[in-house]
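Residue numbers (the numbering used here): 103 to 619.
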Amino acid sequence: MSTFDNPFDPDRNLRAGCICGQHRSAAEHEQAMALHCEPVESQEKRYEGVVASAVMRAMFPQDVARRAFLKSVGASTALAALSQFFPLKTATEVFAQAGTPEKKDLKVGFIPITCATPIIMAAPMGFYSRHGLNVEVVKTAGWAVIRDKTINKEYDAAHMLAPMPIAISLGLGANAIPFAVPAIENINGQGIVLAAKHKDKRDPKDWKGLKFAIPFDYSMHNYLLRYYLAEHGLDPDTDVQLRSVPPPEMVANLRADNIDGFLAPDNICQRAIYDGVGFMHLLSKEIWDGHPCCSFAASREFITSAPNSFAALTRAIVDATAYASKAENRKQIAEAIAPANYINAPVTVLEQVLTGTYADGLGGVKTDAKRVDFDPFPWQSFAVWMLTQMKRWGQIKGDVDYKAVAEQVYLATDTKKLMTRDGPVAAGERVQVVCGDGQDFRSGQAGGLCRELQDQEVVVMGCAFSQASSLRTPGPITPGRRLAKTRRSVRPPIAIDRFRGMGPGVRRDDMGRGLAR
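And the structure:
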């Protein structure tokens, strides 16, 4: 269920997965049932929905409890009860209110990929101007450049990879500067593409010695590829080569035989197929359905010095995201973002990405309506998962307060300002776990990384770590075994598998450092 859907519908699922149990994912369910979301009537209704969705997600981390509650008392009674102790109307008004922007002329940097769709489309389609802003969206060559220009205040805000604001705030790869994420740009929207010459190498166990490109070290692309390789018994640090390559340069590098494949944003994947130099091995949603990809980010300095400008910018992007979340709008959006000053790609390539009906480079045409989707909610558990991967692969040295960093960087929309200590749990701190083979184990068996999380009492992918808790999560992953044989798409468990015998060449006393022998 999207942030923009009705959280008081007991037959809708707030999470990834199928509510009827007959389909492998929500995407397959909705395609089979021909469900289409009705357009939101007004901005006020949209903001009301975002606020209510945030509160309901916070109160009911598990969908089964929310649906049971709604079916027992009814949506009207639930809404009335909720309104008695949480000021939904006031929260909606605060989120929607339009103070005079301190700065109307803004620059927002972006990388020319479909992950930036809401940020890009908001310019030609008028979303920024509706909120009193004159925004110049500036195409940028690479992630290090976009980071540096935003830090140096050449950009007021920027399209960033979801882990980048965390890395910047921690001082990884640059001086530590507090950044925040008010909105996720897209979920899913990546893929693994191999060079056409490797059509006979569909088993990752045959990938030893291959060279793969990723967009940036601090990226979901890097972490998902490492996760996938390790799942199949390969050490990403020794068995393959991983190279950081700006997305616009990936297809040329594949064509020149400089790399054997990449995990990249979907329009880069589809362009490789369109140009006949690669094929789709799998979509990233087959590794984790609903994973975050890119984000809208800004420095804390900009947020505090120009709060009205920041709020207007956030509202414009939320509005654009809501529009992009509707399947019926995707072809129009593809036309809007295709020009040279934006993504600079054939419209047909962008349509294949945004509509989910695409050529796979192997002679087939596939359809997946959720190949890429747009949902802005910045779950703090997303941030915690990224932090575990940063530590797992040695990007973070020493101890880290996962919960504190997640709260500092990932903002659960402007409504979080109204959530007091005595009110509901702050939205964004919890998200469901989707288990693999559902093995039970006590938290004490999980190893050092679990114990660190346990001591901090945080929630990672829905698993609340406490000394007395019994957790449900996939057990050790043996080389070659996919997560969850009964489901193609799952949310990854906490990042402990490398430390439980799955990862090659790692000592148990290296837990948390991800260091190879």
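Note that CB positions come from ideal geometry on N, CA and C, so glycine has one too.
On a predicted model such as this, the values are computed, not experimentally measured, just so you know.
Check, Outcome
"Chain C contact for GLY378 (CB, 8 Å cutoff)", "Included in the structure is just one protein chain, with no chain C present."
"Where the alpha helix (DSSP H) containing PHE404 begins and where it ends", "402-407"
"Run of the alpha helix (DSSP H) containing VAL455, from where it starts to where it stops", "449-457"
"Close Cβ partners of THR416 (< 6 Å) along its chain, the five nearest in sequence each way excluded", "PRO284"
"Strand pairing of HIS383, partner residues [DSSP]", "For HIS383, which the question treats as bridged, DSSP gives no partner whatsoever."
"Cβ separation of ASP477 and GLY458, assumed to be a contact under 8 Å, to the nearest whole Å", "The pair is not a contact, with the Cβ atoms about 15 Å apart (cut-off 8 Å)."
"Coarse secondary structure for ALA276, derived from DSSP in three states", "coil"
"Cβ pair VAL342, ILE370 closer than 8 Å", "no"
"Beta-bridge pairing of PHE412 - partner residues as DSSP gives them", "None, per the DSSP bridge assignment."
"Rounded separation between TYR479 and ILE286 - CA only", "Correcting the residue identity first, residue 479 is Phe in this sequence and not Tyr. Rounded to whole angstroms, PHE479 to ILE286 spans 6 Å at the Cα level."
"Exposure of VAL467, with buried meaning 16 or more beta-carbon neighbours within 10 Å", "exposed"
"Range covered by the beta strand (DSSP E) that runs through ILE294", "292-297"
"Nearest residue (CA-CA) to GLU388, options LEU365, TYR376, THR406 and ILE405", "LEU365"
"Selected residue, minimal CA-CA separation from VAL474, among THR242, GLY496 and ALA218", "ALA218"
"CB of PRO265 within 8 Å of CB of SER401, strictly", "no"
"Proximity below 8 Å, CB of GLN434 to CB of LEU274", "no"
"Inter-residue Cα distance where the pair is ALA358 and GLY465", "23 Å"
"Three-way DSSP call (helix, strand, coil) for PRO267 in this model", "helix"
"Selected residue, minimal CA-CA separation from ASN355, among ALA297, TYR330 and PHE484", "ALA297"
"Within 8 Å, strictly: CB atoms of THR252 and ALA243", "no"
"When PRO338, ILE445, LYS255 and LYS313 are compared against GLY360, the one with the closest alpha-carbon", "Residue 360 is actually Asn in this sequence, not Gly. Of the listed residues, the one whose Cα sits closest to ASN360 is LYS313."
"Cβ distance (whole Å) where TYR504 is taken to contact LEU489 below 8 Å", "5 Å"
"ASP207 - DSSP class collapsed to helix/strand/coil", "strand"
"Contact set for GLY291: own chain, Cβ-Cβ below 6 Å, skip 5 residues either direction", "CYS217, ASP368, CYS395 and VAL474"
"Continuous alpha helix (DSSP H) stretch holding ALA246: start and end", "245-253"
"Alpha carbon of LEU336 to alpha carbon of GLY392, nearest angstrom", "24 Å"
"Separation of ILE222 from LEU263, as counted between CA atoms", "15 Å"
"Expected contact under 8 Å - CB spacing of GLU204 and ALA332 to nearest Å", "That belief does not hold up - the Cβ atoms of GLU204 and ALA332 are roughly 47 Å apart, past 8 Å."
"Whole-angstrom distance between GLY463 and ASN288, CA atom to CA atom", "24 Å"
"Host alpha helix (DSSP H) of ILE316 (start-end)", "Per DSSP, ILE316 belongs to no alpha helix (DSSP H); it is in the beta strand (DSSP E), 313-316."
"Own chain, CB closer than 6 Å to ILE215, minus 5 neighbours either side, in chain order", "PRO349, PRO367 and ASN369"
"Environment of ARG345 [buried if 16+ CB atoms lie within 10 Å]", "exposed"
"Straight-line gap, HIS300 to LYS310 (C-alpha atoms, nearest Å)", "13 Å"
"DSSP three-state assignment for LYS505, whether helix, strand or coil", "helix"
"DSSP-derived helix/strand/coil call for LEU336", "coil"
"Residue range of the alpha helix (DSSP H) that includes PRO367", "Taken as a continuous stretch (DSSP letters only), PRO367 belongs to no alpha helix (DSSP H), being part of the beta strand (DSSP E) at 363-367."
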